[in-house]
Amino acid sequence: MDNRYHGNLEVSSAPHLVSPVNTAKIMGMVLIALAPAFGVGIYQFGYRAAMLTLVCVAACVLFEYLMNKIMKKEQTVRDLSAVVTGVLLAFNLPSGLPYWIAIVGCFAAIVVIKQLFGGIGQNLVNPAVTARIFLFMSFATEMTTWPTARGTGFDTVTSATPLGQLSLGGADSVSASNLDLFLGNVGGCIGEVSACALLIGGIFLIFTRIISIHIPLSFLATVFVCGFIWGGFDGAVFHLCAGGVMLGAFFCATDYVTSPMLPLGKVIFGIGCGLFTILIRLFASYPEGVSFAILLMNILTPYIDRITEKIMFRVPKKAVEGDAGNEK
Amino acid sequence: MEKKVRSLNSIKVSHEKKTASCITEKMSVPETVCISMAQHIGAPCKPLVAKGDSVKVGQIIGDTDAFVSAPIHSSVSGTVKEISSIRSITGGEDQVIIIETDGRQDLWQRIKPPVINDQKDFVKAIRASGLVGLGGASFPTHIKFNPKNLDQVDTLIVNGAECEPFITSDHRLMLEDTEYIIKGILATMKNLDLKRVYIGVEENKPDAISKLKEAIGNSGHSQDIEVKVLNSRYPQGAERVMVYEITGKPLNAGVLPADLGILLSNITTIAFIGQYLETGRPLTAKRITVDGNAVAEPKNIIVPIGTRIFDVVKACGGYKAEPRKILMGGPMMGRAVYSDAFPIVKNNNAILIFDGPQALIPEETGCIKCGMCIKACPFGLLPVSLAEAYERKDIERLKRLQVTECMECGSCSYICPARRPLSFMHKMAKGLLKEVASNNG
Numbered sequence: 001m002d003n004r005y006h007g008n009l010e011v012s013s014a015p016h017l018v019s020p021v022n023t024a025k026i027m028g029m030v031l032i033a034l035a036p037a038f039g040v041g042i043y044q045f046g047y048r049a050a051m052l053t054l055v056c057v058a059a060c061v062l063f064e065y066l067m068n069k070i071m072k073k074e075q076t077v078r079d080l081s082a083v084v085t086g087v088l089l090a091f092n093l094p095s096g097l098p099y100w101i102a103i104v105g106c107f108a109a110i111v112v113i114k115q116l117f118g119g120i121g122q123n124l125v126n127p128a129v130t131a132r133i134f135l136f137m138s139f140a141t142e143m144t145t146w147p148t149a150r151g152t153g154f155d156t157v158t159s160a161t162p163l164g165q166l167s168l169g170g171a172d173s174v175s176a177s178n179l180d181l182f183l184g185n186v187g188g189c190i191g192e193v194s195a196c197a198l199l200i201g202g203i204f205l206i207f208t209r210i211i212s213i214h215i216p217l218s219f220l221a222t223v224f225v226c227g228f229i230w231g232g233f234d235g236a237v238f239h240l241c242a243g244g245v246m247l248g249a250f251f252c253a254t255d256y257v258t259s260p261m262l263p264l265g266k267v268i269f270g271i272g273c274g275l276f277t278i279l280i281r282l283f284a285s286y287p288e289g290v291s292f293a294i295l296l297m298n299i300l301t302p303y304i305d306r307i308t309e310k311i312m313f314r315v316p317k318k319a320v321e322g323d324a325g326n327e328k
Numbered sequence: 001m002e003k004k005v006r007s008l009n010s011i012k013v014s015h016e017k018k019t020a021s022c023i024t025e026k027m028s029v030p031e032t033v034c035i036s037m038a039q040h041i042g043a044p045c046k047p048l049v050a051k052g053d054s055v056k057v058g059q060i061i062g063d064t065d066a067f068v069s070a071p072i073h074s075s076v077s078g079t080v081k082e083i084s085s086i087r088s089i090t091g092g093e094d095q096v097i098i099i100e101t102d103g104r105q106d107l108w109q110r111i112k113p114p115v116i117n118d119q120k121d122f123v124k125a126i127r128a129s130g131l132v133g134l135g136g137a138s139f140p141t142h143i144k145f146n147p148k149n150l151d152q153v154d155t156l157i158v159n160g161a162e163c164e165p166f167i168t169s170d171h172r173l174m175l176e177d178t179e180y181i182i183k184g185i186l187a188t189m190k191n192l193d194l195k196r197v198y199i200g201v202e203e204n205k206p207d208a209i210s211k212l213k214e215a216i217g218n219s220g221h222s223q224d225i226e227v228k229v230l231n232s233r234y235p236q237g238a239e240r241v242m243v244y245e246i247t248g249k250p251l252n253a254g255v256l257p258a259d260l261g262i263l264l265s266n267i268t269t270i271a272f273i274g275q276y277l278e279t280g281r282p283l284t285a286k287r288i289t290v291d292g293n294a295v296a297e298p299k300n301i302i303v304p305i306g307t308r309i310f311d312v313v314k315a316c317g318g319y320k321a322e323p324r325k326i327l328m329g330g331p332m333m334g335r336a337v338y339s340d341a342f343p344i345v346k347n348n349n350a351i352l353i354f355d356g357p358q359a360l361i362p363e364e365t366g367c368i369k370c371g372m373c374i375k376a377c378p379f380g381l382l383p384v385s386l387a388e389a390y391e392r393k394d395i396e397r398l399k400r401l402q403v404t405e406c407m408e409c410g411s412c413s414y415i416c417p418a419r420r421p422l423s424f425m426h427k428m429a430k431g432l433l434k435e436v437a438s439n440n441g
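The listed protein sequences derive, respectively, from chains F and E. In this text, residue positions in the first sequence follow the UniProt record's numbering: the first is 1, and each later residue adds one. In this text, residue positions in the second sequence follow the UniProt record's numbering: the first is 1, and each later residue adds one.
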């Protein structure tokens, strides 16, 4: 092969090297970060939690595959984003939910919310969060039938969640301690019960630089401050650890596609999520507000991005005057 | 003056500097060389020889009266076989002089060390040497060393960062030609009346750093010359990044370092000055790194300018695998050539040859708006927004987001998990802006 003329080489623009991290690897890291919460979910709710999660993952991947086939698009199953959506959706469901309802949720998440808007990167709102809200509205009874967690020590089949107790009977009727909430010895959705497990996963994502600290920190800080005003230190910890705040702050609100890209925007987004969460929890008729808060902020994200971009890149005054007519 | 500045955004790329310990070899003269007349930014040279002429090493074979230019010298002794043209990397036609070598490498009789009394002589000698910026830009050095505000320029930054993966030719130069570096620095300081010199070197070259420090100590100029150890991150070696990291002065696009009182030169350029002042031999050979997974024996090698890539590869044990992509320069900013018949030009510092998967960038997937490109951009631009604005041909937004500040370092494209050619889109966007500007008169 020596000294032979090679005249038909590949040409492309620089750089000719790319980072080893691709979309699939990022999604894989998110899945690893979700593993501790999955473990706690299985411990608290038994094999049904594992089965429901597997069903959701399988359904999401299948819907993703079929939609790409039908719409004659590049196959995107391998990027693992559908797996993450499946896991996140399952984590937002009570473990006793009938499988078929979960599959309906997966259909809403992947087909309607993600693929019909253009697939990965194009969806306006977080598929898992929005699908959960859809199921919550449509199957209100099934979605609020909470199997008793093993760690609570109760021998009933179902029991209320701490936020449910709060909503019905006020602060005095909450039976779980803050430590139980932190560890996950409470009723609730599969993946949201253990604040500790989610915190471990979230910190892992921050340290591996998969997510930046802005959204979780501003989200949690807002919840903490509001909780503190509501019920002192105990109240603040209660609101941080109860319900879906941890899952939402580290895994749902930080979804790249549906959250702002710039640090300032991320902070605005996180504060908004925290405020709406507390607002709904304390004053609205639903016991939990994380999903609604994230959905609302998802919708605001393009505006937040646009505003922060304009703040970062202010045009010199002269240029603005000259181009005023062209500005939309 | 000495204040700690916040580092600009940068990225971590794998170094791949496998040839760092390879002592530079000297290539034997190939049968023919193909010397391009366009080896610098500015007007190309016109051939001064004709077919059949015999030439010697160091003889001027191309020159022009244009202001931005540098003469071109023969790198071999032999006979001019043909004056023709080749399709250049950028798509234009370049005139080339093809010389059949006689292997004797006789020196041109007019070669002698220049006599220098003042700055004018110095600049004149540098032009005569054919020197251009050897770090990659190939801007004629004599113009850079003759700024309008020379009396305000007091600092020289010598760029020995070598932040591109694979390339180790500057590293080897720092180890092997240390005395030429010091001589070049001292001559430049003296003739341009500079007060302060910084040599910027990435921390991944500890042997070069200690060698330079030792040589500076021996020269007795340790008050004026300082080695600045830089983080081993890309793109430390970019002019605007280096000026900021060393002096803390931001250097926007379109501003010359001289406007900030700084001259910045690549370390190879400076070492050549040292060598030229001693020997008088113009720029006819270049130390390059030959590496990549399709080369049998990766190494550092000094090659005559005009040697074609296939001859260089032959001197490096030949191809180990079918080459799919050949780069002139590093993988981050180097250019891919379409054929291995391309000749080495003055500013080449590496030839990288890849086969199979390493030659190809994986396919582009959908943007997930992760914002990694934003965190990678040294100048705080928003690559993802620029790409969107480019795709929509939104001229106003491109201007507002300052696409012209982009230096196409490629950090955003490198880091993008969706493999989008962001840097390339910025390049196209800048072209688009120029087009619009010229259409509007």
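Glycine included, each C-beta is placed from N, C-alpha and C at the ideal position.
With DSSP as the reference, please indicate the residues paired to residue i in a beta bridge.
i: R12 of chain E; result: Correcting the residue identity first, residue 12 of chain E is Lys in this sequence and not Arg. Bridge partners of K12 of chain E: none, in fact.
i: C34 of chain E; result: E:I98
i: P20 of chain F; result: P20 of chain F pairs with nothing; no bridge assigned.
i: residue 453 of chain E; result: Outside the displayed span of chain E (1 to 441) sits residue 453 of chain E, for which this structure offers no information.
i: E408 of chain E; result: Beta-bridge pairing links E408 of chain E to no other residue.
For residue i, which option in the options has the closest C-alpha, if you only look at C-alpha atoms?
i: I89 of chain E; options: E:S339, E:T155, E:D63, E:R127; result: E:S339
i: A253 of chain F; options: F:A293, F:V225, F:R281; result: F:A293
i: I301 of chain E; options: E:R392, E:T289, E:K346; result: E:T289
i: K148 of chain E; options: E:I35, E:P298, E:I262; result: E:I262
i: I270 of chain E; options: E:L381, E:H142, E:E396, E:V229; result: E:H142
i: D394 of chain E; options: E:C370, E:M425, E:T365; result: E:M425
i: N8 of chain F; options: E:G274, E:A336, E:N146; result: E:A336
i: L352 of chain E; options: E:M372, E:P362, E:I309; result: E:I309
i: N159 of chain E; options: E:D65, E:V241, E:S222, E:P140; result: E:V241
i: L212 of chain E; options: E:M189, E:A187, E:I181; result: E:I181
i: G105 of chain F; options: F:S81, F:A131, F:N126, F:P98; result: F:A131
So the alpha helix (DSSP H) residue i belongs to, where does it begin and stop?
i: residue 454 of chain E; result: Since the displayed chain E opens at 1 and closes at 441, residue 454 of chain E lies outside it and no answer follows.
i: D305 of chain F; result: 290 to 312
i: E239 of chain E; result: 239 to 247
i: K120 of chain E; result: 119 to 128
i: R87 of chain E; result: Looking at the DSSP string, R87 of chain E is not in any alpha helix (DSSP H); the run it does join, the beta strand (DSSP E), is 78 to 87.
i: N439 of chain E; result: 422 to 439
i: residue 333 of chain F; result: This structure gives no information on residue 333 of chain F, because the portion of chain F shown stretches from 1 to 328.
i: F354 of chain E; result: Not the alpha helix (DSSP H): F354 of chain E falls in the beta strand (DSSP E), residues 350 to 354.
i: N178 of chain F; result: 178 to 183
i: R400 of chain E; result: 395 to 400
i: V10 of chain F; result: Sequence check: residue 10 of chain F is Glu here, not Val. From DSSP, E10 of chain F is part of no alpha helix (DSSP H); its letter is neither H nor E.
Could you check whether residue j and residue i sit closer than 7 Å to each other, using their CB atoms as the reference points?
i: K81 of chain E; j: E100 of chain E; result: yes
i: G265 of chain F; j: I206 of chain F; result: no
i: G306 of chain E; j: V132 of chain E; result: no
i: F269 of chain F; j: M297 of chain F; result: yes
i: L29 of chain E; j: V76 of chain E; result: Note on identity: in this sequence residue 29 of chain E is Val, with Leu being the wrong assignment. Cβ atoms of V29 of chain E and V76 of chain E: closer than 7 Å.
i: L422 of chain E; j: C412 of chain E; result: yes
i: E408 of chain E; j: K427 of chain E; result: yes
i: T301 of chain F; j: V290 of chain F; result: no
i: V193 of chain F; j: Q44 of chain F; result: yes
i: I101 of chain F; j: A59 of chain F; result: no
i: F154 of chain F; j: C241 of chain F; result: no
i: L88 of chain F; j: A128 of chain F; result: yes
i: I26 of chain F; j: I210 of chain F; result: yes
i: V61 of chain F; j: V77 of chain F; result: yes
i: G62 of chain E; j: T284 of chain E; result: no
In terms of residue numbering, what span does the beta strand (DSSP E) encompassing residue i cover?
i: D291 of chain E; result: 285 to 291
i: M328 of chain E; result: 325 to 328
i: L156 of chain E; result: 155 to 160
i: R48 of chain F; result: No beta strand (DSSP E) contains R48 of chain F, which is instead part of the alpha helix (DSSP H) from 47 to 70.
i: I273 of chain E; result: No beta strand (DSSP E) contains I273 of chain E, which is instead part of the alpha helix (DSSP H) from 267 to 279.
i: V337 of chain E; result: 335 to 337
Which parts of the segment 183 to 254 of chain E are runs of the beta strand (DSSP E), unbroken and 3 residues or longer, counting only runs that do not cross its ends? For the beta strand (DSSP E) assignment, the uninterrupted runs of no fewer than 3 residues enclosed by the segment 183 to 254 of chain E are, from N- to C-terminal side, 196 to 202, 225 to 230.
Counting only runs that start and end within the segment 211 to 282 of chain F, where is the alpha helix (DSSP H) found for 4 or more residues in a row? Qualifying alpha helix (DSSP H) stretches, in chain order: 214 to 241.
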